[in-house]
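Number of protein chains: 2
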Amino acid sequence: MPAPQRVTPERLVAAVREIAERDGLDAVTMSAVAAAVGVRAPSLYKRAANRHALLRLAADDATRELLDEMRAAAVGSPRHALAAAARALRAFAARCPRATSLVFSAPGPDAGPSAAAMAPAMAFLLDAVHPLSPDDPLSAARTLTAWAYGFCTMEQNGAFRQGGDVDAAFERGLAAVLRGLRT
Amino acid sequence: MPAPQRVTPERLVAAVREIAERDGLDAVTMSAVAAAVGVRAPSLYKRAANRHALLRLAADDATRELLDEMRAAAVGSPRHALAAAARALRAFAARCPRATSLVFSAPGPDAGPSAAAMAPAMAFLLDAVHPLSPDDPLSAARTLTAWAYGFCTMEQNGAFRQGGDVDAAFERGLAAVLRGLRT
DNA sequence: GTCTATAGCATGATAGAC
DNA sequence: GTCTATCATGCTATAGAC
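Going down the list, the protein sequences come from chains G and X.
Each residue of the first sequence is one higher than the one before, starting from 44 at the first, in this note's numbering.
Each residue of the second sequence is one higher than the one before, starting from 44 at the first, in this note's numbering.
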């Protein structure tokens, strides 16, 4: 039996994501990640060409995880499925805010999700939105995504300081966007 | 007549914003800003307590500028005024992407706009959205802002790689959100 | 208000031994 | 694959002279 690798890909991506959520994306440094997986910084360069490649590992992983959760949630009528997918996104963003920002607005193109990781997510979204806006599903998908991502980002950044019920605002916004999309 | 200050507040904030737009928020360092205004780094600590305070100067300035432009654009019927304000936001975000992210999701609460700078912007928005959603203007304002900010962020981060007409997607999304908000 | 000088630290990345 | 050692660079922030 082969000697077990000290740094498996799973452990590596888990370490990156954990550091990112706990200390922020800037804290994902070669040495911090190395320490988390129990090696020295130079050894990491055998696994990832540089810091951004490390972030991309996390971005791809998070993209897959988010897609899984949206898929699992999206059942029922087209409208209901879309609403459930949006709520799944919000739940994911609440649980993994840094990973979410990595998926939607990474610090540089090489740190964001690869095209291969994004493709299935886009396909799922277009599929889900098609019944509501068969004439222009791409615009509709962008509208829904932009709203949901913007809402979650602002929520996490404390942009909603006016008080009020943020959960209710999410549900009202979701209803409004879905209402507006129907053509 | 008093000797003119080498570092006026105007020059300082202009330097911060220029560096931020040109090289990114991370490039706004004490020494970079100092060099831009023609002094040494330690001298800056007389003007701002630390790096985040420097960013807040830019955030407050950008907030005022954005509000001015939205105000100037928001004429006509309530619906038309809101659409124009949203387009003004998109234009501002295209011109000053880093400042925009500073306004809506700064890297830390002390780097974002001060409450004093935010208040008039919130008031304007609530006022503008009130005719459409008199029963819950706060949720409506959040929905519109979240969508517009999310759209602009994703646009700038190259999240719309599927091609298609992004301008048209913006207009369609805007129409959909405004349609959905009317109660 | 500005300067020089410096402390103190973290970073990304590489060379070469094992 | 991993290590030690190291380079070169950058940063925030402070002390104290002028």
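Just so it is clear, CB atoms sit at the ideal spot from N, CA and C, and this is done for glycine as well.
- Per DSSP, reduced to three states, the secondary structure at G:Leu-175 is coil, with no helix or strand assignment.
- Per DSSP, reduced to three states, the secondary structure at G:Arg-225 is coil, with no helix or strand assignment.
- Chain G has no Cβ within less than 9 Å of the Cβ of X:Met-113.
- Per the coordinates, the alpha-carbon of X:Ala-142 lies some 24 Å from the alpha-carbon of X:Arg-83.
- Residues of chain X whose Cβ lies closer than 9 Å to the Cβ of G:Asn-93 do not exist, since the nearest Cβ in that chain is about 16 Å away.
- In the displayed model, X:Thr-72 falls within coil according to three-state DSSP, outside both helix and strand.
- Within the stretch 173-186 of chain G, those residues whose Cβ lies closer than 9 Å to any Cβ of chain X are, in chain order, Ser-176, Asp-179, Leu-181, Ser-182, Ala-183, Ala-184, Arg-185 and Thr-186.
- In the three-state reduction of the DSSP assignment, G:Ser-157 falls in the coil class, being assigned neither a helical nor a strand state.
- The stretch 132-139 of chain X makes no contact with the stretch 172-185 of chain X, as fewer than three CB pairs between them are under 8 Å.
- The same chain holds no residue with a CB closer than 6 Å to that of G:Thr-72 once the five nearest residues on each side in sequence are set aside.
- Counting along the chain, the unbroken alpha helix (DSSP H) around X:Ser-86 starts and ends at 84-87.
- By the rule that beta-carbons nearer than 9 Å mark a contact, G:Met-161 touches chain X.
- Per DSSP, X:Gly-67 lies in no alpha helix (DSSP H) segment and is marked neither H nor E.
- Contact of X:Phe-203 with chain G by beta-carbon distance below 7 Å involves Arg-185.
- The residue from G:Ser-148, G:Thr-226 and G:Val-118 with its alpha-carbon nearest to that of X:Ala-219 is G:Thr-226.
- Listed along the chain, the chain X residues whose CB falls inside 8 Å of the CB of G:Leu-224 are Ala-219 and Gly-223.
- Collapsing the DSSP output to three states places G:Thr-106 in a helix.
- With a cutoff of 9 Å on beta-carbon distance, X:Arg-185 and G:Gly-216 are scored as near each other.
- Apart from the 5 residues on each side of it in sequence, X:His-95 sits with its Cβ closer than 7 Å to the Cβ of Gly-151, Asp-153 and Ala-154 in its chain, given in chain order.
- Its Cα nearest to that of X:Arg-60, the residue X:Asp-103 stands out among X:Arg-49, X:Ser-86, X:Asp-170 and X:Asp-103.
- Assignment of G:Thr-51 by DSSP, reduced to helix, strand and coil, places it in the coil class.
- Take the alpha-carbon of X:Ala-77 and the one of G:Ala-117: they are about 52 Å apart.
- At least one beta carbon of chain X lies nearer than 9 Å to the beta carbon of G:Ala-149.
- For G:Ala-124, the CB contacts under 7 Å within the same chain, skipping 5 residues up- and downstream, are Ala-117, Val-118 and Ala-171 in chain order.
- Listed along the chain, the chain G residues whose CB falls inside 8 Å of the CB of X:Met-197 are Phe-147, Ser-148, Arg-185, Thr-188, Ala-189 and Tyr-192.
- Contact between the stretch 195-208 of chain X and the stretch 188-196 of chain G is present, with at least three C-beta pairs closer than 8 Å.
- The closest CA to that of G:Ala-149, considering only X:Arg-122, X:Ala-75 and X:Gly-67, is found on X:Gly-67.
- With respect to G:Leu-109, G:Val-146 sits close: the two C-beta atoms are nearer than 9 Å.
- Under the three-state reduction of DSSP output, G:Gly-216 falls in the helix class.
- Contact of X:Arg-215 with chain G is assigned, a C-beta pair being separated by under 9 Å.
- Bounds of the alpha helix (DSSP H) holding G:Ser-182 are 180-199.
- C-alpha of X:Ala-136 to C-alpha of X:Leu-97: approximately 20 Å in a straight line.
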